[in-house]
Amino acid sequence: MKYQAPKGVKEYLPPSSALFERVREALISPARMANYQLMELAIFEETEVFTRGVGESTDVVSKEMYTFTDRAERSLTLRPEGTAGVMRAVIESGLDRGALPVKIWYAGPFFRAERPQAGRYRQFYQVGIEAIGSEDPLLDVEVISIAAKGFAALGLTGFELVINSLGDSESRNAYRQALTEYLLTLSLDEATRQRVQLNPLRVLDDKRPEMIKALASAPSILDFLNDTSRAEFDVVQQGLADLGIKYTINPRLVRGLDYYTKTTFEFVHPLLGAQSGIGGGGRYDGLMESLGGQPLSGIGFGIGVDRVILACEAEGIELLQERELACFIVPLGAQFERQALKIASELRDQKLRVDLAFGGRALKGAMKAADKSGARYAFVLGERESQSQEVELKELASGAVQSIRLSDLPQFLIRSLGANS
RNA sequence: GUGGGCGUAGCUCAGCUGGUAGAGCAUCCGGUUGUGGUCCGGAAUGUCGCGGGUUCGAGCCCCGUCGCUCACCCCA
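Numbers 2 to 422, taken from my numbering, label the letters of the first sequence in order.
Given below as structure tokens:
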């Protein structure tokens, strides 16, 4: 085999591509219902959109970006996440000068140059939403609920929601100081020591057992929230309770991107293995401003389509519904193929899913193909049918045959299949 | 970037202590008149990941390399 997809690129081919479509659609639908509108965005951006937006100190920016130079020596980067690009587009288009909040959804591929493993790919797919220009904590609740609805629509039951608040800048600064002081009392490896300098909150994200142990008695962000931040976090919690959304609070949930403030959240699925986060997000206060826009707050999430698919598989959810082919036409020899294709074309115009045997196959082989196609009905088209304009329509599952005029065929198929083609 | 496991037909895999490559499934053709699923017969498909070494002889052993995969790190 000479060529293969680049390392870490997950592709979806038939038949599982149908599953991909379904999952993505299920995740998008709740956002549409809540009046979020599509942005079909650039897949690469000026590198600065990410270095300034996502933050230089993050792993994503410091070592995971696909960055290249174009012919005019501009530095461009394949988008590693969605929020920064949405902000750039909102600012560029002036959408933030209209009605607020601006509610956006997007979906598509993202790229990070990481070592691939189960559930982690170099090209991966996300569905995301952003609500920009309102500080209302109930908007946080809406955003979280939309993610939860998507999972539920797929029949997922095993996912868990974890939330936290990083507080406003005042709360966060106070906490950062206390945390830094605490961390400096520990004996840390070099990498962690650097992280303390860059962004001490991210040390909390460390999943190594010895670090988790060492962090057990670290100060909690929740003790540093000022009155405003605390009140807002309470509203979020009450709002989730109102909607019947279960959650747990994890004061260590900080997430890896620098722009998060106040509410952060993550959906995890315990059946998934090492990469168990199926979606996550949070509020960001300074992001728009840092990209040259107005100081507007926003909140959003990104859901990993690939991981949701894995979660569905782990829960044994059967998403591959049979796409029933209405009819399969078997032309008797090459000379009837043209007619068969014409009939198929007309049936397809009636929104009927139809296929036929190509290549002048022998009757037996063509009937086998009909069988394999999973079509509900099949019929042979040869000299007799062509003359009489009447075919022997066979229901493949039962073997039952009935004569039907070609002119009556569309109506018959529509009636017997309903609208499920 | 670091570590573990694995690379044999399109797919899933077998291949005994090294003797010169197989099964099942899938594909295609056929089992005499224009109807599939079961059954029967037949056909096609491999540089055994690649390169080197040891040996009379390597799919099996050794070294290197590439790829896949899982995990660390981090995240969707």
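Glycine residues also receive a C-beta, built at the ideal position from the N, C-alpha and C atoms.
The model shown is predicted, which means the values in this text are computed figures rather than measured ones.
Between GLY134 and ASP97 the beta-carbon gap is near 6 Å, inside 8 Å, which marks them as a contact.
Just so you know, the alpha carbons of HIS270 and LEU382 end up roughly 52 Å apart.
Counting C-beta pairs closer than 8 Å gives fewer than three between the stretch 161-175 and the stretch 57-67, which falls short of the contact rule. Of the residues ARG72, LEU39 and PRO201, the one whose Cα lies closest to the Cα of LEU180 is PRO201. Here the stretch 333-341 lies against the stretch 357-367, with 3 or more beta-carbon pairs under 8 Å apart. Distances from the alpha-carbon of VAL142 to those of GLY245, PRO210 and PHE51 put GLY245 closest. Counting only runs that start and end inside the stretch 266-321, the alpha helix (DSSP H) elements of at least 4 residues fall at 288-291 and 306-315. One Cα belongs to LEU167, the other to ARG231, and the distance between them is close to 10 Å.
One thing to note: PHE112 has its Cβ no nearer than 8 Å to the Cβ of ARG89. Cβ contact annotation for MET40 (same chain, cutoff 8 Å, sequence separation greater than five): VAL87, ALA90, ILE105, TRP106 and TYR107, in chain order. Of the residues LEU288, ILE318, GLY283 and GLU290, the one whose Cα lies closest to the Cα of GLY303 is GLY283.
Taking 8 Å as the cut-off, the beta carbon of ARG377 is found no closer than this to the beta carbon of LEU297. Comparing alpha-carbon positions, the option among PHE380, GLU386, ASP409 and PRO411 lying closest to VAL402 turns out to be PHE380. ARG406 has its alpha-carbon roughly 19 Å from the corresponding atom of ASP356. Per the C-alpha coordinates, the member of ASP372, GLU115, ILE250 and VAL236 positioned closest to LEU162 is ILE250.
About 29 Å separates the beta carbons of GLY9 and VAL144, which is beyond the 8 Å limit, so they are not a contact pair. Between the alpha carbons of LEU353 and ARG339 lies a gap of roughly 19 Å. It is roughly 8 Å from the alpha-carbon of ARG203 to the alpha-carbon of VAL197. Cβ neighbours of LEU157 within its own chain (closer than 8 Å, five residues either side excluded): HIS270, VAL309, ALA312, CYS313, GLU316 and ILE318. Taken through DSSP and simplified to helix, strand or coil, ALA376 comes out as coil. Here DSSP, grouped into helix, strand and coil, assigns VAL392 to strand.
For PRO31 against LYS208, the beta-carbon gap comes to about 30 Å, at or over 8 Å, which does not count as contact.
In the DSSP annotation of this structure, the continuous segment of the alpha helix (DSSP H) that includes LYS150 starts and ends at 138-154.
In the DSSP annotation of this structure, the continuous segment of the alpha helix (DSSP H) that includes GLY54 starts and ends at 48-54. In this structure, LEU139 lies away from GLY274, with their beta-carbon atoms at least 8 Å apart. Within the model, the alpha-carbon separation for PHE329 versus GLU131 is close to 45 Å. About 12 Å separates the Cβ atoms of LEU205 and LEU223, ruling out a contact at the 8 Å cut-off. The straight-line gap separating the alpha-carbon atoms of PHE21 and ILE29 is approximately 12 Å. When beta bridges are read from the DSSP output, ARG406 appears opposite GLU391.
Taking all protein chains in view, the Cβ of PRO15 is surrounded by fewer than 16 other Cβ atoms within 10 Å, so the residue is classified as exposed.
Residue environment analysis places SER389 among the exposed positions, since fewer than 16 neighbouring C-beta atoms fall within 10 angstroms of its C-beta.
GLY99 and GLU46 have their C-alpha atoms spaced approximately 24 Å apart.
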